[in-house]
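One structure is given here, and the rest of the page talks about it.
There are 2 protein chains.
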Amino acid sequence: MPEVISSPGELKDRIRELRRTGSSLGFVPTMGALHAGHAALFDSASSENDFVVASIFVNPLQFDRREDLERYPRTMEHDLLVCDQHGVDIVFAPTAAELYPGDQLAFVDVPALTESLCGKFRPGHFRGVATVVLKLLNLVQPDRAYFGEKDAQQLAVIRRMVQDLNVPVAIVPVATVREPDGLALSSRNKHLTFAERGIAPVLSRALQQALELLLNKERSVALIRQSVLPLFAAHPEIRLEYFAITDPNTLEPMEHVDGPALIAGAMWLGSTRLIDNVSFRSERRILWGPSGGPV
Amino acid sequence: MPEVISSPGELKDRIRELRRTGSSLGFVPTMGALHAGHAALFDSASSENDFVVASIFVNPLQFDRREDLERYPRTMEHDLLVCDQHGVDIVFAPTAAELYPGDQLAFVDVPALTESLCGKFRPGHFRGVATVVLKLLNLVQPDRAYFGEKDAQQLAVIRRMVQDLNVPVAIVPVATVREPDGLALSSRNKHLTFAERGIAPVLSRALQQALELLLNKERSVALIRQSVLPLFAAHPEIRLEYFAITDPNTLEPMEHVDGPALIAGAMWLGSTRLIDNVSFRSERRILWGPSGGPV
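Chains as they are written, first to last, in our numbering: chain L, 466 to 760; chain Z, 466 to 760.
Here it is, written out as structure tokens:
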């Protein structure tokens with residue numbers, strides 16, 4: 466089983482020891498409730514580094530709704546097994562009081578990237594994400610840190626933060642892992658009722674359909690949306706938050722797709738919010754096969 | 466003469482080499498136009514570390530007035546001599562294009578500490594300071610970084626940023642260096658006319674008088690201000706920006722001094738802005754002697 470450390474000071478001592486041996490270090494920050502998507506992050510990290518540190522911390526700073534924070538799944542025993550099976554050497558699992566011993570007064574933000582897509586609907590969320598990730602990167606000081614492509618806006622924010630603030634770490638994106646019917650894995654999928662679970666793949670199907678249109682040379686975002694939105698409208702249970710096609714770096718909405726694009730959506734099913742995205746890189750690729758993984 | 470490096474990539478390679486030898490590293494960020502105050506920072510850094518890196522970079526991000534940026538003194542040849550005489554091994558002097566190769570979209574801020582004192586009059590200034598200091602700390606990765614007490618709010622912001630973001634560096638404050646008549650050394654003193662230079666020590670005398678009152682058990686900030694403000698009013702050339710007594714950590718204004726306090730002021734003489742401060746720590750001390758240094 467991995468070594469579990471909760472004290473930031475103890476973590477730093479332990480990392481200093483590892484560093485002395487010249488070992489390379491991979492880092493995977495998580496909020497626990499681990500699934501095969503996290504396992505893919507751990508697998509990438511352990512194949513590319515001598516040591517792997519994962520953090521498990523449900524970060525209060527990034528929750529815009531108290532209810533979401535309170536009901537976020539906590540499954541530590543299961544999580545440690547997943548870590549063990551996927552090459553994680555050290556699990557850093559601080560309490561909120563250990564990571565935020567006083568009022569948090571310093572923040573990192575990338576305002577230009579956090580006002581669109583999810584950021585528009587979750588004020589303060591990405592500031593909370595960027596701030597905790599920078600804290601964790603400073604504590605762990607890894608060579609490489611791994612983030613899932615499922616959280617596309619988070620990945621864009623972290624990449625830009627690291628680039629603009631000269632943080633000495635390589636950010637490694639890892640492909641989204643999906644259920645056989647296309648639903649992107651997410652810790653929040655646990656909250657879906659049986660009926661909602663049946664409807665949930667509409668989001669990935671809509672993204673897939675938009676991608677097909679782009680691959681078939683449709684370039685008008687208005688026409689693509691017109692073709693895709695009825696998929697959501699067919700299910701009164703769905704409350705669509707956004708369905709957007711944006712520049713993958715600036716996250717600015719496109720009207721006409723003339724280069725790489727990020728196709729992203731967010732929708733509510735009952736009290737559960739689901740997000741997903743696919744990238745259009747002007748080349749044909751099959752998104753996922755019967756196994757649920759990318760093929 | 467110190468080694469001069471302008472490329473961030475070259476700096477990182479050079480630091481990696483130094484690190485391999487197990488050397489400790491002190492860092493002094495400056496905007497150049499070096500004077501004896503900077504020399505004191507270098508002296509502290511070189512007495513406590515194996516190697517000293519100084520940066521010389523007039524940071525556009527922290528100037529709220531274009532005119533101030535443009536006329537900020539640039540004296541590189543002289544600066545390198547000062548560095549040489551005070552134990553600096555490496556001078557990092559990037560161009561703005563090297564340190565900000567694209568649009569800077571990521572920022573660090575400590576809003577709770579930047580809305581009072583100077584921050585109130587210089588919107589965006591401390592966000593620019595915190596952001597560039599974090600960039601430089603990430604590039605240099607020093608064990609210790611040295612900051613002058615003259616810029617008290619800057620010091621408070623940097624300390625809080627380092628603490629809240631778990632930046633792996635020790636922040637070392639260094640006492641303000643003064644002219645024999647009490648004027649705090651500043652690169653901006655160069656801009657003063659002969660007449661303005663004669664009036665400039667009013668700021669430090671006012672701070673000193675406020676400190677004397679506190680040491681003599683006066684506790685009412687209103688009464689202290691009432692006693693001190695006429696010193697400024699006696700000179701129509703002075704435009705007082707603020708004269709405040711605050712909590713030294715939160716920088717919140719005090720009405721009644723019941724613990725340590727920061728006494729800080731900012732004033733304009735013609736087109737030059739001067740700042741200064743002294744700390745009240747509930748104990749008697751002489752602030753400066755005939756030599757101009759703390760005694």
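Where a beta carbon is used, it is the ideal one built from N, C-alpha and C, also for glycine. Since we're looking at a predicted model, the values are computed, not measured.
Could you pull out every residue in the same chain whose Cβ sits closer than 7 Å to the Cβ of residue i, ignoring the five residues on either side in sequence?
{"i": "Glu-677(Z)", "result": "none"}
{"i": "Leu-506(L)", "result": "Val-493, Tyr-611, Gly-613 and Val-639"}
{"i": "Lys-477(Z)", "result": "Leu-604"}
{"i": "His-551(Z)", "result": "Ala-504, Phe-507, Asp-508 and Ser-511"}
{"i": "Gly-758(Z)", "result": "Caution is warranted here: a pLDDT of 47 is assigned to Gly-758(Z), below 50, making its placement in the model unreliable, and no coordinate value can be reported."}
{"i": "Ala-501(Z)", "result": "Val-642 and Leu-650"}
{"i": "Val-622(L)", "result": "Val-575, Leu-578, Thr-579, Phe-591, Val-594 and Ala-595"}
{"i": "Pro-713(L)", "result": "Pro-725, Ala-726, Leu-727 and Ser-744"}
Report the neighbours of residue i on chain Z: residues whose CB is nearer than 9 Å to its CB, in chain order.
{"i": "Pro-438(L)", "result": "The shown model of chain L, from 466 to 760, leaves out residue 438(L), and the question about it has no answer."}
{"i": "Pro-473(L)", "result": "Asn-631"}
Residue i touches chain L at which residues, Cβ-Cβ below 7 Å?
{"i": "Asp-629(Z)", "result": "Gln-569, Leu-570 and Ala-571"}
{"i": "Arg-625(Z)", "result": "Leu-570 and Ala-571"}
{"i": "Lys-600(Z)", "result": "Leu-630 and Asn-631"}
Starting from the C-beta of residue i, find all residues in its chain whose C-beta is less than 6 Å away, skip the five residues before and the five after it, and write them out in chain order.
{"i": "Leu-499(Z)", "result": "Asp-544 and Val-547"}
{"i": "Ser-756(Z)", "result": "Caution is warranted here: a pLDDT of 48 is assigned to Ser-756(Z), below 50, making its placement in the model unreliable, and no coordinate value can be reported."}
{"i": "Glu-468(L)", "result": "Ile-555"}
{"i": "Leu-705(Z)", "result": "Phe-697 and Met-732"}
{"i": "Ala-671(Z)", "result": "Val-693 and Leu-696"}
{"i": "Phe-572(Z)", "result": "Arg-592 and Thr-596"}
{"i": "Phe-708(Z)", "result": "Gly-730"}
{"i": "Arg-481(Z)", "result": "none"}
{"i": "Leu-483(Z)", "result": "Phe-516"}
{"i": "Ser-489(L)", "result": "Asn-514, Asp-515 and Asp-608"}
{"i": "Glu-475(L)", "result": "none"}
Which residues in chain Z have a C-beta closer than 7 Å to the C-beta of residue i? List them in chain order.
{"i": "Val-575(L)", "result": "Leu-570 and Ala-571"}
Measuring CB to CB, does residue i end up less than 7 Å from residue j?
{"i": "Ile-521(L)", "j": "Thr-495(L)", "result": "yes"}
{"i": "Gly-491(L)", "j": "Arg-624(L)", "result": "no"}
{"i": "Leu-630(Z)", "j": "Leu-599(L)", "result": "yes"}
{"i": "Leu-763(L)", "j": "Ala-617(L)", "result": "This structure cannot speak to residue 763(L), because chain L is shown only from 466 to 760."}
{"i": "Thr-737(L)", "j": "Leu-657(L)", "result": "yes"}
{"i": "Leu-534(Z)", "j": "Gly-593(Z)", "result": "no"}
{"i": "Asn-524(Z)", "j": "Val-597(Z)", "result": "yes"}
{"i": "Arg-746(L)", "j": "Pro-718(L)", "result": "no"}
{"i": "Asp-761(Z)", "j": "His-590(Z)", "result": "With chain Z covering only 466 through 760, there is no way to say anything about residue 761(Z)."}
{"i": "Leu-602(Z)", "j": "Val-632(Z)", "result": "yes"}
{"i": "Leu-668(Z)", "j": "Gly-584(Z)", "result": "no"}
{"i": "Arg-761(L)", "j": "His-721(L)", "result": "Residue 761(L) lies beyond the range of chain L shown here (466 to 760); nothing can be said about it."}
{"i": "Ala-649(Z)", "j": "Asp-741(Z)", "result": "yes"}
{"i": "Ala-577(Z)", "j": "Leu-570(L)", "result": "yes"}
{"i": "Pro-607(Z)", "j": "Val-627(Z)", "result": "no"}
So, at 8 Å on beta carbons, what are the nonlocal neighbours of residue i in its own chain, with the 5 sequence-adjacent residues on each side left out?
{"i": "Ile-664(L)", "result": "His-700, Glu-702, Ile-703 and Leu-734"}
{"i": "Asp-549(Z)", "result": "Met-466 and Pro-467"}
{"i": "Ala-660(Z)", "result": "Glu-702"}
{"i": "Leu-620(L)", "result": "Phe-612, Gly-613, Glu-614, Ile-636 and Pro-638"}
{"i": "Lys-655(L)", "result": "Ala-498 and Pro-538"}
{"i": "Thr-560(Z)", "result": "Ser-471"}
{"i": "Arg-536(Z)", "result": "His-656"}
At a CB-CB cut-off below 9 Å, which residues of chain L make contact with residue i?
{"i": "Gly-716(Z)", "result": "First, the amino acid is wrong: residue 716(Z) is Leu here, not Gly. Going along chain L, no residue has its Cβ under 9 Å from Leu-716(Z), so there is no contact; the nearest lies around 11 Å."}
{"i": "Leu-679(Z)", "result": "The contacting residues do not exist; Leu-679(Z) stays about 27 Å from chain L at best."}
{"i": "Leu-578(Z)", "result": "Leu-570 and Ala-571"}
Kindly say whether residue i, judged by its beta-carbon, lies nearer than 7 Å to any beta-carbon of chain C.
{"i": "Ala-501(L)", "result": "Chain labels in this structure do not include chain C; the protein chains are L and Z."}
Note down, one range per segment and in chain order, each beta strand (DSSP E) of at least 3 residues found wholly within the stretch 490-530 of chain Z.
-> 490-495 and 516-521
Those runs of the alpha helix (DSSP H) which lie wholly inside the stretch 571-605 of chain L and span at least 4 residues = Counting only runs of 4 or more, we get 576-579, 582-586 and 590-605.
Segments assigned alpha helix (DSSP H), at least 4 residues, entirely inside the stretch 598-678 of chain Z | Listed in chain order, the alpha helix (DSSP H) runs fully inside the stretch 598-678 of chain Z are 617-629 and 659-664, counting runs of at least 4 residues.
Could you list the residues in the stretch 519-538 of chain L with a C-beta less than 8 Å from some C-beta on chain Z, going in chain order?
-> none
Residues within the stretch 611-624 of chain L neighbouring chain Z, beta-carbon criterion of under 7 Å | none
Going along the chain, which unbroken runs of the beta strand (DSSP E) with 3 or more residues stay wholly within the stretch 705-741 of chain Z?
-> Fully enclosed beta strand (DSSP E) runs of 3 or longer: 726-734.
Entirely enclosed alpha helix (DSSP H) segments - the stretch 527-568 of chain L, minimum 4 residues | Qualifying alpha helix (DSSP H) stretches, in chain order: 531-536, 541-550 and 561-564.
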